[in-house]
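K.L.:
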Amino acid sequence: MARDQKRSEKLNRRSFLKTAGAAVTATAGLGVASKGVAANEYETITVGAGETKNITVGSGETFENKLIDQSASGASVMIQAEGSDWTIRNVGFKGGCSAKNFGSFSMIPSVSSGSKGLIENVYMGDGVETNSANEAEPGAVWVNANTPHEGELTFRHVNIQKYANNGLYASGPGAAQGAGAGGPVKVEECYCANNDIANVRLGTPGSYVKDSVIENTDSPVHHPNGPNKRGIWGWYVPITVENCDVSVTDYEAVNGGFHGGEVVVKNSQVEGPTSGSVKTQSVGSNPKTKIPKKVPQSAEQAAKGN
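Numbers in this note's numbering are just positions in the sequence shown, counted from 1, shifted up by 6.
(1) Residue range of the alpha helix (DSSP H) that residue 167 falls in?
(2) Apart from the five residues just before and just after residue 303, which ones in its own chain have a Cβ nearer than 8 Å to its Cβ?
(3) Between the C-alpha atoms of residue 78 and residue 181, what's the straight-line distance to the nearest angstrom?
(4) Would you check if the segment 242 to 256 and the segment 272 to 279 touch, i.e. whether three or more CB-CB distances between them fall below 8 Å?
(5) Taking only three categories from DSSP, how would you classify residue 3?
(6) What does DSSP give as the partner residue(s) for residue 98 in the beta ladder?
(7) Which residues does DSSP list as the beta-bridge partners of residue 275?
(8) Do the CB positions of residue 135 and residue 102 come within less than 7 Å of each other?
(9) Just reading off the beta strand (DSSP E) that residue 115 is part of, what are its end residues?
(10) Taking 7 Å as the threshold (C-beta atoms), are residue 133 and residue 171 in contact?
(11) With a cut-off of 8 Å on the beta carbons, I'd call residue 92 and residue 114 a contact; round off their distance for me.
(12) Between residue 237 and residue 48, what straight-line distance do the alpha-carbon atoms span, to the nearest angstrom?
(13) Can you give me the Cβ contacts of residue 122 inside the same chain, cut-off strictly under 8 Å, excluding the 5 residues immediately before and after it?
(14) Residue 178 lies in the alpha helix (DSSP H); which residues open and close that run?
(15) Could you please give the first and the last residue of the uninterrupted beta strand (DSSP E) stretch that includes residue 197?
(16) Going by the CB atoms, is the gap between residue 106 and residue 75 shorter than 7 Å?
(17) Helix or strand or just coil, what does DSSP make of residue 68?
(18) Can you give me the C-alpha to C-alpha distance between residue 196 and residue 140, rounded to a whole angstrom?
(19) I'd like the list of long-range same chain contacts for residue 53, defined as Cβ closer than 8 Å, with 5 residues on each side in sequence excluded.
(20) Inspect the beta-carbon positions of residue 247 and residue 271 and report whether they are closer than 7 Å.
(21) What's the gap between the Cα of residue 191 and the Cα of residue 210?
(22) Between the alpha carbons of residue 263 and residue 244, how many angstroms are there, rounded?
(23) With DSSP collapsed to three states, give me the class of residue 56.
(24) To the nearest angstrom, how far is the alpha carbon of residue 32 from that of residue 62?
(25) In this structure, does DSSP put residue 297 in helix, strand or coil?
(26) Give me the residue from 88, 104, 95 with the minimum Cα distance to residue 56.
(27) Between the C-alpha atoms of residue 216 and residue 193, what's the straight-line distance to the nearest angstrom?
(28) What do you reckon, are the CB atoms on residue 312 and residue 288 nearer than 7 Å?
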């Protein structure tokens with residue numbers, strides 16, 4: 007059993023709280039509730055060397071058409087969205103995240119009970135900065151279990167690559183709310199590649215991955231607890247994978263059964279081993295791993311909102 011399994015969701019939550027407390031709050035002047043932005047226009051948010059900016063998005067707010075330039079040495083950004091009916095749209099992260107803390111994430115969303123949140127047309131493809139051993143600690147997205155996440159959260163047309171502590175890490179609410187609880191996380195027409203631990207990790211009722219591509223094309227960034235290199239990892243409850251192309255041959259393409267989880271794969275193409283509780287319906291082994299048409303392939307393209 008990999009060491010990351012032994013550390014538990016609780017450790018990552020504690021680490022996040024420590025990191026968030028040390029972050030520099032930088033919401034003023036960033037146009038969080040932006041309106042009337044014309045097509046192909048965007049604002050650039052530049053993060054200085056050694057700086058961490060913490061951007062917050064609250065109930066009813068829209069954070070859109072932003073290019074976040076974190077290419078300076080030691081620069082990183084943490085976007086925290088919580089509450090009800092918020093949107094993050096047309097956002098591109100330029101440059102690898104340089105955060106060093108265990109439990110750091112570039113985006114931490116949660117949705118209040120009975121409401122919705124949307125993360126759409128976002129580029130996180132530049133990943134993280136690594137050390138000489140190709141190791142790093144930050145993850146891309148952690149769905150917040152502390153707030154907690156109880157509503158419906160949708161990721162659509164999101165590009166996540168080369169993060170160490172999972173790409174889309176969304177199993178936490180299943181533990182915090184008691185195994186089998188928490189709000190659904192819906193992954194639609196996304197691209198996740200070369201993320202360590204897992205590219206997509208789900209664990210709440212109603213969660214699914216649809217019309218998406220997940221692959222490892224080269225050696226992913228290594229987390230100190232890894233490398234594990236999973237494609238899709240299901241925790242706590244049954245989750246669904248439908249009409250997806252998954253190619254992960256160097257570890258596990260699909261893993262189900264952890265803490266009672268199960269993955270049901272339908273009408274998909276999967277290349278690579280599976281383990282645990284995985285059920286298949288109309289599944290082949292010849293995935294087409296092109297980035298989906300509507301997924302942005304650069305920070306600038308995402309910010310423009312094409």
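For each residue, glycine too, the CB sits at the ideal point set by N, CA and C.
P.N.:
Reading from the atomic positions:
(1) By one-based count along the sequence shown, residue 167 stands at place 161. Counting along the chain, residue 167 sits inside no alpha helix (DSSP H); it lies in the beta strand (DSSP E) bounded by residues 158 to 167.
(2) Within the sequence shown, numbered from 1, the residue matching residue 303 stands at position 297. For residue 303, where only same-chain residues beyond five positions count, the Cβ hits under 8 Å are 129, 131, 165, 297.
(3) In the sequence shown, the residue the question calls residue 78 occupies position 72. In the sequence shown, the residue the question calls residue 181 occupies position 175. Roughly 36 Å between the two C-alpha positions.
(4) Result yes; three or more Cβ-Cβ pairs closer than 8 Å.
(5) Residue numbering for the chain in the displayed model covers 7 to 312; residue 3 lies beyond these limits and cannot be assessed.
(6) Position 92 of the sequence shown holds residue 98. The partner list for residue 98 (beta bridge, DSSP) reads 73, 129.
(7) Stepping through the sequence shown from its first residue, residue 275 is reached at position 269. Looking at the DSSP assignment, residue 275 forms a beta bridge with 251, 290.
(8) The residue you call residue 135 lines up with position 129 of the sequence shown. The residue you call residue 102 lines up with position 96 of the sequence shown. Contact annotation: residue 135 and residue 102 have beta-carbon atoms nearer than 7 Å.
(9) For the purposes of this step, residue 115 is taken as the residue at position 109 of the sequence shown. Per DSSP, residue 115 belongs to the beta strand (DSSP E) from 111 to 115.
(10) Start at 1 with the first residue of the sequence shown, and residue 171 comes out as number 165. Start at 1 with the first residue of the sequence shown, and residue 133 comes out as number 127. A distance of 7 Å or more separates the beta carbons of residue 171 and residue 133.
(11) Within the sequence shown, numbered from 1, the residue matching residue 92 stands at position 86. Within the sequence shown, numbered from 1, the residue matching residue 114 stands at position 108. That pair is no contact at about 13 Å.
(12) Reading the sequence shown from its first residue, position 231 is the one you call residue 237. Reading the sequence shown from its first residue, position 42 is the one you call residue 48. Straight-line Cα distance between these residues: approximately 33 Å.
(13) Taking the first residue of the sequence shown as position 1, residue 122 is located at position 116. The beta carbon of residue 122 lies closer than 8 Å to those of 90, 91, 157, 158, 159, 160 in the same chain, with the five residues before and after it left out.
(14) Locating residue 178 in the sequence shown gives position 172, where the first residue counts as 1. Where residue 178 is concerned, the enclosing alpha helix (DSSP H) stretches over 178 to 182.
(15) For the purposes of this step, residue 197 is taken as the residue at position 191 of the sequence shown. 197 to 199 is the extent of the beta strand (DSSP E) around residue 197.
(16) Within the sequence shown, the letter at position 69 stands for residue 75. Within the sequence shown, the letter at position 100 stands for residue 106. No. Outside cutoff.
(17) Residue 68 sits at position 62 when you count from the first residue of the sequence shown. Reduced to three states, the DSSP call for residue 68 is strand.
(18) For the purposes of this step, residue 196 is taken as the residue at position 190 of the sequence shown. For the purposes of this step, residue 140 is taken as the residue at position 134 of the sequence shown. Cα to Cα, residue 196 sits roughly 25 Å from residue 140.
(19) Here the question's residue 53 lines up with position 47 in the sequence shown. Excluding residues within five positions, the ones whose Cβ falls inside 8 Å are 59, 74, 75, 76, 78, 81, 82, 83.
(20) Here residue 247 corresponds to residue number 241 of the sequence shown, with the count starting at 1. Here residue 271 corresponds to residue number 265 of the sequence shown, with the count starting at 1. Yes, the Cβ-Cβ distance between residue 247 and residue 271 is below 7 Å.
(21) As a first step, residue 191 is located in the sequence shown; it is residue number 185 there, counting from the start. As a first step, residue 210 is located in the sequence shown; it is residue number 204 there, counting from the start. Their Cα atoms are separated by approximately 7 Å.
(22) Stepping through the sequence shown from its first residue, residue 263 is reached at position 257. Stepping through the sequence shown from its first residue, residue 244 is reached at position 238. One C-alpha to the other measures close to 9 Å.
(23) Numbered from 1 along the sequence shown, position 50 holds the residue referred to as residue 56. Residue 56: coil per DSSP, three-state reduction.
(24) Here residue 32 corresponds to residue number 26 of the sequence shown, with the count starting at 1. Here residue 62 corresponds to residue number 56 of the sequence shown, with the count starting at 1. Since pLDDT at residue 32 reaches only 37, below the 50 mark, its modelled position is unreliable, and the value read off the structure follows with that caveat. Taking the straight line joining both Cα atoms gives about 8 Å.
(25) Numbered from its first residue, the sequence shown carries residue 297 at position 291. If DSSP states are grouped into helix, strand and coil, residue 297 belongs with coil.
(26) On the sequence shown, residue 56 is found 50 positions in, with the first residue counted as 1. Comparing Cα positions, the closest option is 104.
(27) For this step, residue 216 is matched to residue 210 along the sequence shown. For this step, residue 193 is matched to residue 187 along the sequence shown. Distance between residue 216 and residue 193, taken at the CA atoms: about 6 Å.
(28) Taking the sequence shown and counting its residues from 1, the one referred to as residue 312 is at position 306. Taking the sequence shown and counting its residues from 1, the one referred to as residue 288 is at position 282. In this structure, residue 288 does not lie closer than 7 Å to residue 312 by Cβ.
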